[in-house]
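Novice: According to the working numbering, the sequence shown is numbered sequentially starting from 1. Think of the CB as a built atom: it goes at the ideal place given N, C-alpha and C, for glycine as much as any other residue. Submitted below is the structure of interest, expressed as structure tokens.
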Amino acid sequence: MADTEPLPEASPSLRGRSTLREVNLRLVLRPGEHYYLHITTLTPEGEPLETRTLSLSNPPAEAEALPLPTWLEETEPRPLIRFWQRLRVRWQTYPWVGILTALALLFYALTRLIGLAQFPIYFFSDEAVQTLLAADFLRDGLRNYDGEFLPTYFENGGQYNLSLSVYLQVVPYLLFGRSVVVTRATSVLITSLSALWVALLLRRAFGSRFPWLATLVLMVTPTWFLHSRTAFETALATSFYAGFLYYYLRYRLEQPHYLFHAVLLAAFTFYSYSPAQMIIAVSVILLAAVDAPYHWQQRRTVMRALGLGLLCLLPYIRFQLTYPGETLRHLEILRSYWLQPMPLSEKLGLFFQEYLRGLNLLYWFRPDPPDLIRHVMKNYGHLWRPGLLFTLLGVALALRHIRQPSYRTMLIAVLAAPSGAALVGLGVTRALVMVIPATLLTALGLEWAMTRLSQVLAGWIPSRISLNALGALAFAGLSLQGGTMLQDALQNAPLWYRNYGLNGMQYGAREIFEAVQTYLQAHPEAKILVSPTWANGTDNLARFFAGDPVPFALGNIDAFMDEYHPELENLVLVMTPEEYERARNSPKFTDIHVEQTLPYPDGRPGFYFVRLRYVENIEAILEAERQQRRALVQGQITLPDGTLAQVAYSYLDMGEIQHAFDGDPTTLIRTYEANPLRVNLFLATPKVVSRLILRVGGTPTRVTARLWSPEATEPMEVSQEVGETPLPRDVTLDLPAPLEVVRMEIEVFSMRDGEPAHVHLWEVRWQ
1 MADTEPLPEA
11 SPSLRGRSTL
21 REVNLRLVLR
31 PGEHYYLHIT
41 TLTPEGEPLE
51 TRTLSLSNPP
61 AEAEALPLPT
71 WLEETEPRPL
81 IRFWQRLRVR
91 WQTYPWVGIL
101 TALALLFYAL
111 TRLIGLAQFP
121 IYFFSDEAVQ
131 TLLAADFLRD
141 GLRNYDGEFL
151 PTYFENGGQY
161 NLSLSVYLQV
171 VPYLLFGRSV
181 VVTRATSVLI
191 TSLSALWVAL
201 LLRRAFGSRF
211 PWLATLVLMV
221 TPTWFLHSRT
231 AFETALATSF
241 YAGFLYYYLR
251 YRLEQPHYLF
261 HAVLLAAFTF
271 YSYSPAQMII
281 AVSVILLAAV
291 DAPYHWQQRR
301 TVMRALGLGL
311 LCLLPYIRFQ
321 LTYPGETLRH
331 LEILRSYWLQ
341 PMPLSEKLGL
351 FFQEYLRGLN
361 LLYWFRPDPP
371 DLIRHVMKNY
381 GHLWRPGLLF
391 TLLGVALALR
401 HIRQPSYRTM
411 LIAVLAAPSG
421 AALVGLGVTR
431 ALVMVIPATL
441 LTALGLEWAM
451 TRLSQVLAGW
461 IPSRISLNAL
471 GALAFAGLSL
481 QGGTMLQDAL
491 QNAPLWYRNY
501 GLNGMQYGAR
511 EIFEAVQTYL
521 QAHPEAKILV
531 SPTWANGTDN
541 LARFFAGDPV
551 PFALGNIDAF
561 MDEYHPELEN
571 LVLVMTPEEY
581 ERARNSPKFT
591 DIHVEQTLPY
601 PDGRPGFYFV
611 RLRYVENIEA
621 ILEAERQQRR
631 ALVQGQITLP
641 DGTLAQVAYS
651 YLDMGEIQHA
661 FDGDPTTLIR
671 TYEANPLRVN
681 LFLATPKVVS
691 RLILRVGGTP
701 TRVTARLWSP
711 EATEPMEVSQ
721 EVGETPLPRD
731 VTLDLPAPLE
741 VVRMEIEVFS
751 MRDGEPAHVH
761 LWEVRWQ
């Protein structure tokens, strides 16, 4: 240790009375020693007011003799030389810490890059679209599909939810083009910063002797292992959040100017992933509140940082002005309970229910958490299950030292992590940020346990030697587990779950489209129709693998089962097993010939390349079915006031008739092929109606209603036409006077479409 004399403890009688303007403390460090000095200022009542951290080191005697690299001697920028000198001193001061941290970062990178295209076994449309949007952005002169220059957000699946993740794919696309490895590796290289930031946090904010513990714990965290190998934007947000915490604590403990770095990383987090907006907001509010005295001391820096924050918000403000209501629409697409017709107290109850689920250790550590299987590593849990005890120790340490900014910030990060997911519903992708504070708390608990164990062994082995040995053992054990996890994922993950379709792994993007292109090379005259039903966003996947224009079409056998298409005999249909069985069992097709099959990872047939043709009397069969489908379906519904009503309606292929009368504007019904959509309602109890309000789709639409009073022989008819809009909207039919109604007939006609057509209806209500 350093040669220091202990400072006499201040007398209680001096507390609150003395005013110290300067304290001189002399520390004599031996060559090669390095320490972090934490200085805490107390209020007159003895409460911690401010903590500052100073980094003190005494390089080895030979440090000054080491020459600069030749290329650096002639370098003009002096900051680069100073950086090299600091790096050289620190490396010689504690070389093993640097070596092991560098090795940990190397192991982390290897576990992310090896077999990157093989695990996860799917390549999801949300990954492909990042590169596709980057390519279209360059093609369209740095504009989005709406012609907006340098847009804040890009459209994905009918909603504007992608931003920074698209911009980050631009340069890799220009250099290397489109491939699974390039798209994923771009994300991996950026998210690997999280492995560095958690190590730096452990070292600089907590004075850890083993900063690499955080890197290795993050490496073996299962949900992070999975998602950090994808191009999902949630991984980017999580990594930038780690940087935000790191620079915030450097601001809080070291130098105020690091607040500007924290603001920039907060902005990166904000623009990476929509649920992260709530997480950043909660984090900033809580940190502003608990560290308010320190912020006041640094108010000049804080005000400048607020100005930087406002500049970072300008793109978001521009987006809100350009696309008003888009945020609410995003929640509507996600079917958030915040838009449901329920009391505010019930909404708040649901929010806190989902929020508390996000803090539940059982959710994070149970072997098979209740998430979509493509977001779960089977039998692993979301967090590192062997580290549960150390996580609890870390939480206990944070609570014990809650007055210290570093520990307090970790607890705030834990509290903020589930807030974004709670707005809609808990899912690991929406709460992935939890892995950062969990990793640090686990590493702190593990180091505390190692330190206590070395003290127990002090009677037999010097504590320093035993602690280093325990550190080496932890390094070896965590590294081995990281390698074992990688091997397990590459070898066994294809068989973890056997549901490879739309509701499961959505396996097959690379396999199908590569096979289709190989088939076309061998049969250039072939016309191929690829089923899109096995995955989300198959149009994006087709573009990603086949380029523009796509040399085949998307569609499935259902279109040929309901309407006659003479070109069927010239097509090769790529079918899923379910579609193939429907075709085989249908009396409409004959001469079914399988030319090729692609297996699922478990060996079962996954996709069929099929040729087939219609039976001779196909047109008569289809006409008979068409007449049958046009007949109205009889049923019964419950109205919002609880009364029952009889109903007759057009045949539906989406939703249930009750959805049109449930008071929920986000549920809908859709006709199978009828245009107009007809709904006939027979009320057991007469209702007084002065207006009808129908929520319909955005196509040009004519809505007609006929209403009968109890004694009427002829109905009152009201009608209205509306033009095209990008979003669903309400159409209001005002009656000339209030009418007591026992029966009503409603027609919703899509004016741009003939028949067959899909007609949508979200809601019918009256006043």
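Mind reading off the beta-carbon distance from Leu133 to Val166? Whole number of angstroms is fine, and I expect it under 8 Å.
Specialist: Confirmed, about 5 Å.
Novice: What are the start and end residues of the alpha helix (DSSP H) that includes Val435?
Specialist: Its alpha helix (DSSP H) spans residues 435 to 456.
Novice: Taking Trp212 and Ala104 to be in contact with their CB atoms under 8 Å, please state how far apart those CB atoms are, rounded to whole angstroms.
Specialist: Right, the Cβ-Cβ distance comes to about 4 Å (below 8 Å), so this counts as a contact.
Novice: Apply the 10 Å Cβ neighbour rule to Ser194 and answer buried if 16 or more other Cβ atoms are within range, or exposed otherwise.
Specialist: Buried: at least 16 other Cβ atoms inside 10 Å.
Novice: Closer than 8 Å is the cut-off here; do at least three beta carbon pairs connect the segment 704 to 722 with the segment 642 to 650?
Specialist: They do not touch, by the three-pair rule.
Novice: With distance defined between alpha-carbon atoms, name the residue in Ala472, Ile436, Gln130 nearest to Thr186.
Specialist: The shortest Cα separation from Thr186 among Ala472, Ile436, Gln130 belongs to Gln130.
Novice: Whole angstroms is fine: what's the gap from His382's alpha carbon to Ile373's?
Specialist: Approximately 12 Å between the Cα atoms of the pair.
Novice: Assuming Thr409 and Leu245 are in contact, meaning their beta carbons sit under 8 Å apart, how far apart are those beta carbons, in whole angstroms?
Specialist: About 6 Å separates the two Cβ atoms, so the contact holds.
Novice: State the DSSP-derived secondary structure class of Val428, mapped to helix, strand or coil.
Specialist: It is coil, neither helix nor strand.
Novice: Considering only the alpha carbon of each residue, which of Thr643, Asn499, Asn617 lies closest to Thr576?
Specialist: Looking at the Cα atoms, Asn499 is the closest of the given residues.
Novice: Please report the straight-line C-alpha distance between Phe268 and Glu127, rounded to a whole angstrom.
Specialist: For Phe268 and Glu127, the distance between alpha carbons rounds to 19 Å.
Novice: Between Met278 and chain D, is any beta-carbon pair separated by less than 8 Å?
Specialist: The question asks about chain D, but that chain is absent: this structure has only one protein chain.
Novice: Residues in the same chain with beta-carbon distance under 8 Å from Leu259, minus the five sequence neighbours each way, listed in chain order, please.
Specialist: Within the same chain, Leu259 has close Cβ partners Tyr247, Tyr248, Tyr251, Gln298, Thr301, Val302, Ala305.
Novice: What's the gap between the Cα of Asp136 and the Cα of Pro640?
Specialist: Their Cα atoms are separated by approximately 46 Å.
Novice: So, for Phe545: in the same chain, excluding its five sequence neighbours on each side, which residues have a beta-carbon less than 6 Å away from its beta-carbon?
Specialist: Same-chain partners within the cutoff: Phe513.
Novice: Closest by CA to Ser283, which one among Ala416, Tyr337, Met342, Pro405?
Specialist: Per the Cα distances, Ala416.
Novice: So the alpha helix (DSSP H) Ala288 belongs to, where does it begin and stop?
Specialist: Element bounds for Ala288: 274 to 290.
Novice: How many angstroms separate the CA atom of Gly207 from the CA atom of Met505?
Specialist: Rounded to whole angstroms, Gly207 to Met505 spans 43 Å at the Cα level.
Novice: From the DSSP output, which residues share a beta bridge with Asp734?
Specialist: Answer is Arg691.
Novice: Span of the alpha helix (DSSP H) holding Ile512?
Specialist: Unbroken alpha helix (DSSP H) run through Ile512: 509 to 522.
Novice: How many Å lie between Val742 and Trp708 at the Cα?
Specialist: So the two alpha carbons sit approximately 6 Å from each other.
Novice: Less than 8 Å between the beta carbons of Val633 and Gly387, yes or no?
Specialist: The answer is no: Cβ separation not under 8 Å.
Novice: Return the residue from the list Leu311, Thr439, Leu344 that minimises the CA-CA distance to Leu200.
Specialist: Checking every option, the nearest Cα to that of Leu200 belongs to Thr439.
Novice: With DSSP as the reference, label Asp126 as helix, strand or coil.
Specialist: It is helical.
Novice: Please work out which residues of its chain come closer than 8 Å, Cβ to Cβ, to Arg691, disregarding the five sequence neighbours upstream and downstream, and give them in chain order.
Specialist: For Arg691, where only same-chain residues beyond five positions count, the Cβ hits under 8 Å are Thr732, Leu733, Asp734, Leu735, Trp766, Gln767.
Novice: So what's Asn144 in DSSP terms, helix, strand or just coil?
Specialist: Correct three-state label for Asn144: coil.
Novice: In angstroms, rounded to a whole number, what distance separates the CA positions of Gln636 and Gln159?
Specialist: Cα to Cα, the separation comes out at about 35 Å.
Novice: From the DSSP output, which residues share a beta bridge with Gly635?
Specialist: Val647.
Novice: Could you name the residues of the same chain whose beta carbon sits closer than 6 Å to that of Glu76, not counting the 5 residues immediately before and after it, in chain order?
Specialist: Caution applies to Glu76, whose pLDDT of 49 falls short of 50 and renders its modelled position unreliable; the value that the coordinates give is listed next. For Glu76, where only same-chain residues beyond five positions count, there are no Cβ hits under 6 Å.
Novice: To which residues of the same chain is Trp534 closer than 7 Å at the C-beta, ignoring the five residues directly before and after it?
Specialist: Contacts found: Gly501, Leu502, Gln506, Gly508, Thr576.
Novice: Classify Leu132 as helix, strand or coil using the three-state DSSP reduction.
Specialist: DSSP places Leu132 in helix when its eight states are reduced to three.
Novice: What's the C-alpha gap between Phe682 and Glu763?
Specialist: Each residue's alpha carbon lies about 17 Å from the other.
Novice: Ignore the nearest five residues each way along the sequence and tell me which others in Asn570's own chain have a CB closer than 8 Å to its CB.
Specialist: Contacts found: Lys527.
Novice: Quick one: using the 10 Å Cβ neighbour count with 16 as the cut-off for buried, is Asn556 buried or exposed?
Specialist: When all chains shown are included, Asn556 counts as buried.
Novice: Do the segment 464 to 483 and the segment 346 to 365 meet, that is, are 3 or more Cβ pairs less than 8 Å apart?
Specialist: Touching, no, given that fewer than three Cβ pairs across the two stretches are closer than 8 Å.
Novice: Let me confirm a value: Tyr363 is counted as buried when at least 16 other C-beta atoms fall within 10 Å, else exposed. Which label applies?
Specialist: That one is buried.
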